[in-house]
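*Asks:*
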Amino acid sequence: MSDWLDFFWRSIPVFLNGLWVTLELTAVGLIVGFGLGLAAALGRVYGSPWVRRICIAYIEIFRGTPLLVQLFLIYYGFPGIGITLSRMMSAYLTLGLNSGAYQAEYLRGAIMAVSEGQMMAGRSIGLSRLASIRYVILPQALRLVIPSWSNEPILLLKSTAVAFLIAVPDLMTKAKLIAARTYDPIGTYLAVAVVYLVIVGLLNEVMKALERRLRIPGLEIESHKP
Amino acid sequence: MDQPILKATGLSKKYGDNVVFHNIDIAVEQGDIIVIIGPSGTGKSTLLRCLNLLTKADSGKIWLDGTEITAPGHSEDEVRQHIGMVFQNFLLFNHLTALGNVMLGLTKVRHLPREQAREKALSELNRVGLADRAGHYPGQLSGGQQQRVAIARALAMDPRVMLFDEPTSALDPELIGEVLEVMRQLAMQKMTMLVVTHEMGFAREVANRIIFMEKGSIVEEGAPNELFLRPKFERTREFLWKITELYGHKKE
């Protein structure tokens, strides 16, 4: 028992190391995905027919195929067309592209939820279309999107576990290592599950705080019932 | 007489087979207060939107201060700075305070320094009697207050002419007065205005010209006294009779 405990203590840094990589994957995927998602959402709502088609194709392809297939295509498939990416880069890119497709749909919904009149009002004082989007539509849409968008960091955090399959040293990879050494897969994976759960809980709180903080006084449409 | 501030000739608009208005000529001179009346669905609102290019007319030409704004290559955004617009449902920017609403055009269209924009915005809010509500968001204001902020937002751009699209139609009866009062003051300050409204009392008292529109055409136009007391056309008479029955007759 003391052996096990000893090993447990020694595992903690390894664990934290993996956790850090998992958080990195989540953060980068989320940020890259946000940029791509915002561009795709704007393109889909305001773009010319061709831009719209390209955005729809991107969104549908990445939402319609398994994340794992996307990851393997990028990591194992890209070298075939002359693009070789490191494990980490492949994971970042895949998660970013995948998350972007989902975020695009959340953002599109929020942009469409801002009434058309807001655009008209912006144009009426001489703002260009682009300026109206930037100063009138987006500040409202980005607030409206928070409740549905809150799912994305949580889903993405859990999705990062696929990176294990191309041997990115994330939480899952480290867990497998520890489980193999301790011969205690149940304990180890339970610990991993708890770690994921705690982070999801924290993310939830952050989202709620963000929503509260950015609430527009007097405008109740975005808040759910207490 | 100088050239009209806003002039349109042969303006037509249809959606599919549905003719919204056809072959409208209109000229707004400096200091004019023109009220357009007529049954709903006559194309009055669409006409206003076409005049400041929010909606594209199918044919016809529009001039602002003698410059043809429907000419190809003319900047729409530039035009709209000079034509103020007030909407039936206010359309304030929900995420900005009253002050922010009035300031946005000043900082992002006219690129005034923040402090200067703020000062100007406050003075416009003061003009509509809402300086004390500068920090309130639209959702915290009554309908009448929202509409007054919307008027201040348009005024802040120093427009050559103000277009009002049924500015009191979405308001509770007790809130109509404050908005009309602001518009009356604007009239006294010689603001050039083109107003679509059902407020016959306001039309009679403030306007120098009334235009009666029906089914997409101008049926009759003239001075308020002429048109209200001696309408030339049977249709005008019928409409005026109906509307006084509906809204009550205001005897002065």
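Chains A and B, in that order, are what the protein sequence lines are.
Note that my numbering has the first sequence beginning at 1, numbered continuously upward.
Note that my numbering has the second sequence beginning at 227, numbered continuously upward.
Cβ coordinates follow ideal geometry from the N, Cα and C atoms, glycine included.
Residue 104 of chain A to residue 43 of chain A, Cα distance in whole Å?
*Replies:* The alpha-carbon atoms of residue 104 of chain A and residue 43 of chain A are separated by roughly 10 angstroms.
*Asks:* Does the region 440-455 of chain B come close enough to the region 239-259 of chain B that 3 or more CB-CB pairs lie under 8 angstroms?
*Replies:* Pairwise C-beta distances place the region 239-259 of chain B in contact with the region 440-455 of chain B, as three or more of them are shorter than 8 angstroms.
*Asks:* What's the gap between the Cα of residue 353 of chain B and the Cα of residue 368 of chain B?
*Replies:* 18 angstroms
*Asks:* For residue 117 of chain A, return the contacting residues in chain B, with the cut-off set at a CB-CB distance below 8 angstroms.
*Replies:* 313, 315, 317
*Asks:* Quick one: Cα of residue 476 of chain B to Cα of residue 455 of chain B, how far?
*Replies:* Annotation note: pLDDT 49 at residue 476 of chain B (below 50); position unreliable, coordinate value reported separately. Spanning the two alpha carbons is a distance of roughly 13 angstroms.
*Asks:* Can you tell me the Cα-Cα spacing of residue 215 of chain A and residue 430 of chain B, whole angstroms?
*Replies:* Residue 215 of chain A and residue 430 of chain B have their alpha carbons spaced roughly 44 angstroms apart.
*Asks:* Would you list, in chain order, the members of the region 340-369 of chain B that have their beta-carbon closer than 9 angstroms to a beta-carbon of chain A?
*Replies:* Correct list: 362, 363, 364, 365, 366, 367.
*Asks:* List the residues of chain A whose Cβ lies closer than 8 angstroms to the Cβ of residue 278 of chain B, in chain order.
*Replies:* 124
*Asks:* When you compare the CB positions of residue 319 of chain B and residue 372 of chain B, do they come within less than 7 angstroms of one another, or not?
*Replies:* no
*Asks:* Can you tell me whether residue 168 of chain A is buried or exposed? The criterion is at least 16 other CB atoms within 10 Å of its CB, across all chains shown.
*Replies:* Burial check for residue 168 of chain A: the Cβ neighbour count within 10 Å reaches 16 or more, so the residue is buried.
*Asks:* Report the rounded CA-to-CA distance for residue 469 of chain B versus residue 256 of chain B, giving the unit in angstroms.
*Replies:* 29 angstroms
*Asks:* From the DSSP secondary-structure annotation, give me the bridge partner or partners of residue 289 of chain B.
*Replies:* By DSSP's assignment, residue 289 of chain B forms a beta bridge with B:233, B:294.
*Asks:* Rounded to a whole number of angstroms, what is the C-alpha to C-alpha distance between residue 27 of chain A and residue 165 of chain A?
*Replies:* Going by the C-alpha atoms only, they are around 19 angstroms apart.
*Asks:* Could you have a look at residue 317 of chain B and say whether DSSP puts it in helix, strand or coil?
*Replies:* coil
*Asks:* Determine the DSSP secondary structure at residue 33 of chain A, reduced to helix, strand or coil.
*Replies:* helix
*Asks:* Do residue 335 of chain B and residue 127 of chain A count as a contact pair if the criterion is CB distance below 7 angstroms?
*Replies:* yes
*Asks:* Say whether chain B places a C-beta atom closer than 7 angstroms to the C-beta of residue 225 of chain A.
*Replies:* The predicted position of residue 225 of chain A is uncertain, since its pLDDT is 39 and thus under 50; no value can be drawn from it.
*Asks:* Residue 450 of chain B to residue 458 of chain B, Cα distance in whole Å?
*Replies:* 13 angstroms
*Asks:* Could you check whether the region 413-429 of chain B touches the region 257-270 of chain B, counting it as contact only if at least three pairs of C-beta atoms, one from each stretch, sit closer than 8 angstroms?
*Replies:* Using a Cβ-Cβ distance cut-off of 8 angstroms, the region 413-429 of chain B and the region 257-270 of chain B are in contact, since at least three pairs of beta carbons, one from each stretch, lie closer than that value.
*Asks:* Could you tell me which of A:18, A:151, A:8, A:29 sits nearest to residue 92 of chain A, measuring between CA atoms?
*Replies:* A:29
*Asks:* Tell me where the alpha helix (DSSP H) around residue 120 of chain A begins and ends.
*Replies:* 116-124
*Asks:* Within its chain, find whatever has a CB closer than 7 angstroms to the CB of residue 224 of chain A; leave out the 5 residues flanking it on each side and keep chain order.
*Replies:* With a pLDDT of 42 at residue 224 of chain A, under the threshold of 50, the predicted position of this residue should be treated as unreliable, though the coordinate-derived value follows. The answer, listed in chain order, is 147.
*Asks:* Please tell me whether residue 325 of chain B and residue 346 of chain B are closer than 7 angstroms, where the distance is taken between their beta carbons.
*Replies:* Residue 325 of chain B places its beta carbon 7 angstroms or farther from that of residue 346 of chain B.
*Asks:* Answer with buried or exposed for residue 149 of chain A, where buried requires no fewer than 16 other C-beta atoms within 10 angstroms of its C-beta.
*Replies:* Buried is the call here.
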